[in-house]
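Here full-length UniProt numbering is used: position 323 in the sequence shown is 323, and no number is missing along the way.
Glycine included, every Cβ here is placed at the ideal spot set by N, Cα and C.
Inspection log for the structure reproduced underneath, given as structure tokens.
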Amino acid sequence: MSGVTDWVEGDISQQEAPSSPAWSEELSEELWDRIEGVRHKLTRILNPAKFTPYLRQCKVIDEQDEDEVLNSTQYPMRISKAGRLLDILHGQGHRGLQAFMEALEFYHPDQYIQLTGKQPTQRCSLILDEEGPEGLTQFLLLEVRKLREQLRNSRLCERRLSQRCRMAEEERSRAERKAQELRHDKLLLERLRQDWESASRELGKLKDRHLEQAVKYSRALEEQSKASSRERELLRQVEELKSRLTEADKQTSDPPKITRTNSLHSNGTSRSPPALPESLLQQNKAEKTEKTSDPSTGVIALMDILQQDRREAAEQRQELCDFIARLQGELQSAEELRDKLESQWEQLQLKVRTLQLDWETEQKRSMTYFNQIMELEKERDQALCSRDSLQLEYTDCLQDKNRLRKRIAELQANLEQQQRDLERERERSREQLQQNACLHCSHLSLCSEDQCFGPCCSVDLDLSPHSNISHLMLRKTPSNGQTHENSGDSCSTSEENLLSSTKDDEKEINRLSTFAFPPCMNSINRRCNIEFDLDSWGSDENDNILGDQSEPSLWDSWTSVHSHLFPPDLVNLPSVSNNQPNPNAPRKPSSLCSPTSSPPTSPKHGRDSLADDITIVGGNLTGIFVSHVNAGSPAEQYGLKEGSELLELERVLFGGGSVMLNQCTAEVAHFSLQWWTELSALKHQSNPDAYSKLCSKLSSPSFCGADSFYVRVNLNMEPRGDPPSLGVSCNDIIHVTDTRHNGNYHWCCSLVDLVTGKPLQTGTMPNYNRAQQLLLVRLRKMSLDQKDFKKKMFAKKPSGRVRLVKAVDPSCRAVGTSQSVVYTLSKRQEDHLIPYTLVQPVKVQTKRPVIFSPSLLSRGLIERLLQPVESGLKFNTCPPEPIPALERQDKKVFLLDSSSPEQPVGIRLESIQEVISQDRHCLLELGLPSVEGLLRQGIYPIIIHIRPKNKKHKKLRKFFPRCGEDSVMEDACRSEELHLETLPMLYYTLEPSTWSCTEELLKALCDAIHSQQGAVAWVELDRLQ
């Protein structure tokens, strides 16, 4: 910057020297020929956006030429724009050539050297001639500022890209680590599977060996049983041999008994076991024969035989005992081996179960890793799609900026023309007022109670304060440069203030100047103030009111009984020749409006009103009845009498419309009858039964009033007056029971509990038009006290809170509503701000779905509320599903704000009804724009607004999705807070003092959902189009 400043100072110091070469016509033509020779090259190099500020500073092109070059649709490409710029400069002659060469010398010195063969001096002599050194310095400072801004933007973009690249690298490294861990887990799982298979094979082998051992064990048991039976047989044979031996001993000792012994011996041999051989039997027989011959030798031989048999039996017994001992040892070893195998089998079974559990755990972990990788891929795709969409939006914004710049120039010219026309109209009106001055007329303020019905205050001039307010209210609405067709008739000084402020602003920045000033914050703020400036809502009389007296004076004025608070534009209602008929005047409107405050003393008709001949009672709940008729009056002659029910009053609205009196409140009916001048215009019928019931109710001390409707208050009202009125806050619900309390235009009402709908406190309230005046005064006072209205009004929520709601167009109101008719006859437009909104209590028998605000919290809160196992029995949600293109316009499909516009997702009405039929709390991810669609389908959701702890939203940041910067979250929260005020139903606010951490927030949300499920839903049915 210092180098640039030194160069500028050095150049300025030489300003007395010749600033530009003296080019002749021949030299100029030669240079143009050279330029045309390299035209194709220059048009590719030159950037018209850079050249036009310098050329405008040199005053060789104007704003129209710059707009044609930069924004014309005939030159979509930069080459064609550069060619058109060369043509315009060629048409300017010598000055165009000089300015072009100096710009080329400044921006493209190489091309300047090729065309002229001289070194660039960069003296900017033409700017010095036109603007002087100060203009050149200012131009160079602007160029340096632009270059700095471009450098700062490029560095910021580079920083953001590097940060995103670093985040992407970290995510990639994390994904690689996770993939490596998954590969390691896969190898470990494969190794465990192989070990499990080898253990299974070993287990099969052990089972086979165990089966073989069991077979061997059974065989050994069989052999043991055979050996024991053989042992018993041998023992029996031994006993028999012993008995035979004893008998043989007896025979040897007693010879006479040899025959008996022989017989016994023969008997014994016959019972001997079959194991004895046949040779032994033959030997016994031989011994018997020998014994018969020689008894002693036979006995000896028999003893020898028996001893031999005894020795053989003992040997066999020993062998059997050895064999049994060996079998018992083998049996014991087999049992030990079986126990060992069983213990090993149990251990293997335990290892198998452990391996199965480990395998299942690893499988679940691998599935979790896979799902996380898929989610990362989805988030990456969404980020890429978001980047592409942001680039497209940026391109569209650039195109819109070019279009709007042209539109601004047209509107600026149109505004100047209308300002000149307005000045001429004001001069003409001042001359007419000086000629036809009214002696008893004075300026009327918003809170004035005196009126003038002279010619100067007629409808043609439209000088009433209400007409001023009407015009100013229409000017307040952002209309993109359009003005009201009757704005020239307004006599408010707010337009003068606006013009003066505009002139002061033009001193700082002149839009029509050829000096290239870039748009700055001051111009943007000035545009916002022009489009929505509450300073222009009142006239100079209102300024005097606010300067001389405070707001309570207006509250004191509405308690006056003798005031005439109807606007003068209602006086000449029947004469519709001077007024344009209002096509939007409804026959059966259902929005809440009311007459102004009190009728004028004498309507300015050709005839007096017939309403003085009758007295009416009743309201929209019971109907309007005649309680007294003056004797001999035209009303009595027309057939009216006590107990007659009034049905309709014809030809009283703008354009000849009718008023249905049987649906009106007492206030509207009394006000409408003030313009009853023709007997045939009133339709009535005799209804003595209903009138007697009404009279009995009126005599009852518990009777509250003949009117009945609920309204939602749109501003804070403190108790004022004597006796004090009812103090209410914004978004409170009041039940109006009498619109003509004590014969005045005051409302008798009661404050209603928002949860149960029961009355809490009874008192009086200002009627609709008086409350509307309070609303305008409140806005006027806030606009004077606060410099930044939008920031302090909507962000900080001051004590004087106001809810800005426009009245519903009668052609768009709901048809099926059953509410009583209450409306206004004033000449105000339908897009005014309204102080009260008509609501209807709805008691829902089923569970109502829940919508969270800000909507960015919905997904995180729903996931946290569904995490506990026991919460699945109480809460449920409807997962979003892709919506085809053919069903996106279906009223039973509610779209979500998705980051991928090519694949929108939404929730169907059938899914919501299915969750409601399960008697669970349905948690929805829908945003606030879907509330009206749900209401039209008969679904009354619970809207819970979570107010953050501080401006930075630190406590709520963990629930937000990834959205880059904190400003995005703050803008989203601020926009949804503004959207909450426009919803056609009440919402529940969760204050920051009720929670301090995440667990307390979730607990407070659960308590709020359970409490709101049994509460009454207050719905503005008239706003559901």
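*Ends of the alpha helix (DSSP H) at His-94?*
94 to 107
*Count the C-beta pairs between the segment 763 to 781 and the segment 685 to 705 that are closer than 8 Å, then say yes if the count reaches three, no if not.*
no
*Tell me where the alpha helix (DSSP H) around Pro-688 begins and ends.*
688 to 699
*May I ask you to report which of helix, strand or coil DSSP gives Ser-853?*
strand
_Residues near Ser-28 by beta carbon distance below 6 Å, same chain, minus five either side_ = His-94 and Leu-97
*According to DSSP, what are the bridge partners of Asp-738?*
Cys-748
*Residue range of the alpha helix (DSSP H) that Glu-36 falls in?*
25 to 37
*To the nearest angstrom, report how far apart Arg-920 and Gly-933 are at their CA atoms.*
21 Å
*May I have the straight-line CA-CA distance separating Lys-806 from Leu-833, to the nearest angstrom?*
5 Å
*Could you tell me how far apart the beta carbons of Ala-409 and Glu-887 are, in whole angstroms, since I believe they sit closer than 8 Å?*
That pair is no contact at about 44 Å.
*Cβ-Cβ distance between Leu-646 and Phe-671 below 9 Å*: no
*Nearest-angstrom Cα separation, counted from Asn-414 out to Glu-541*: Residue placement at Glu-541 is flagged as unreliable, the pLDDT there being 35, under the threshold of 50; a coordinate-derived value is accordingly withheld.
*Tell me whether Thr-724 is buried or exposed, calling it buried when 16 or more other Cβ atoms sit within 10 Å of its Cβ.*
According to the sequence provided, residue 724 is Pro. The question's Thr does not apply to it. Label assigned to Pro-724: exposed.
*Name the residue from Glu-416, Thr-877 and Ala-334 whose alpha carbon lies nearest to the alpha carbon of Arg-219.*
Ala-334
_Distance, Ala-301 Cα to Arg-310 Cα_ = 14 Å
*With DSSP as the reference, label Gln-685 as helix, strand or coil.*
In the structure shown, Gln-685 sits in a strand (DSSP, three-state: E or B).
*asked:* On the DSSP bridge list, what partners appear for Leu-649?
replied: Val-659 and Leu-682
*According to the neighbour-count rule (16 or more other Cβ atoms, all chains shown, within 10 Å of its Cβ), is Phe-894 buried or exposed?*
buried
*Looking only at its own chain, which residues have a Cβ that is under 6 Å from the Cβ of Thr-739, when we skip the five neighbours before and after it?*
Thr-665, Ala-666, Glu-667, Asp-707 and Trp-747
*Jot down the residue ranges of each uninterrupted alpha helix (DSSP H) in the segment 864 to 919, minimum 4 residues, whole runs only, in chain order.*
909 to 917
*Can you tell me the Cα-Cα spacing of Ser-173 and Glu-375, whole angstroms?*
16 Å
*Find out if the Cβ-Cβ distance for the pair Cys-922, Thr-994 is shorter than 9 Å.*
no
_Close Cβ partners of Ser-330 (< 7 Å) along its chain, the five nearest in sequence each way excluded_ = First, the amino acid is wrong: residue 330 is Glu here, not Ser. The answer, listed in chain order, is Ala-220.
*Secondary structure at Arg-166, three-state DSSP: helix, strand or coil?*
DSSP places Arg-166 in helix when its eight states are reduced to three.
_I need the straight-line Cα distance from Ala-771 to Met-717, nearest angstrom please._
9 Å
_What does DSSP give as the partner residue(s) for Trp-1018 in the beta ladder?_
Pro-841
*What are the start and end residues of the alpha helix (DSSP H) that includes Gln-1013?*
Boundaries of the alpha helix (DSSP H) harbouring Gln-1013: 998 to 1013, taken from the DSSP string.
*Which term fits Gly-204, buried or exposed, when burial requires 16 or more other beta carbons within 10 angstroms of its beta carbon?*
exposed
*I think Leu-320 touches Arg-230, with their Cβ atoms under 8 Å apart; what is that distance to the nearest whole Å?*
Rounded to the nearest angstrom, the Cβ distance from Leu-320 to Arg-230 is 7 Å, consistent with a contact under 8 Å.
*asked:* Using only the alpha-carbon positions, how far apart do Cys-973 and Ala-1008 sit?
replied: 20 Å
*Rounded to a whole number of angstroms, what is the C-alpha to C-alpha distance between Arg-801 and Glu-925?*
29 Å
_CA nearest to the CA of Gly-83, picked from Thr-116, Gln-92, Pro-48 and Leu-115_ = Check the Cα spacing between Gly-83 and each of Thr-116, Gln-92, Pro-48 and Leu-115: the tightest is with Pro-48.
*Spatial neighbours of Arg-44 in its chain, beta-carbon cut-off 7 Å, leaving aside the 5 residues before and after*: Ile-79
*What residue from Gln-1012, Pro-882, Pro-884 and Glu-247 has the CA that sits closest to His-945's CA?*
Gln-1012
*asked:* Please tell me whether Gly-643 and Pro-688 are closer than 9 Å, where the distance is taken between their beta carbons.
replied: yes
_Closer than 8 Å: Glu-881 CB and nearest the ligand FAD heavy atom_ = Ligands are entirely absent from the displayed structure, and the ligand FAD is therefore not among its contents.
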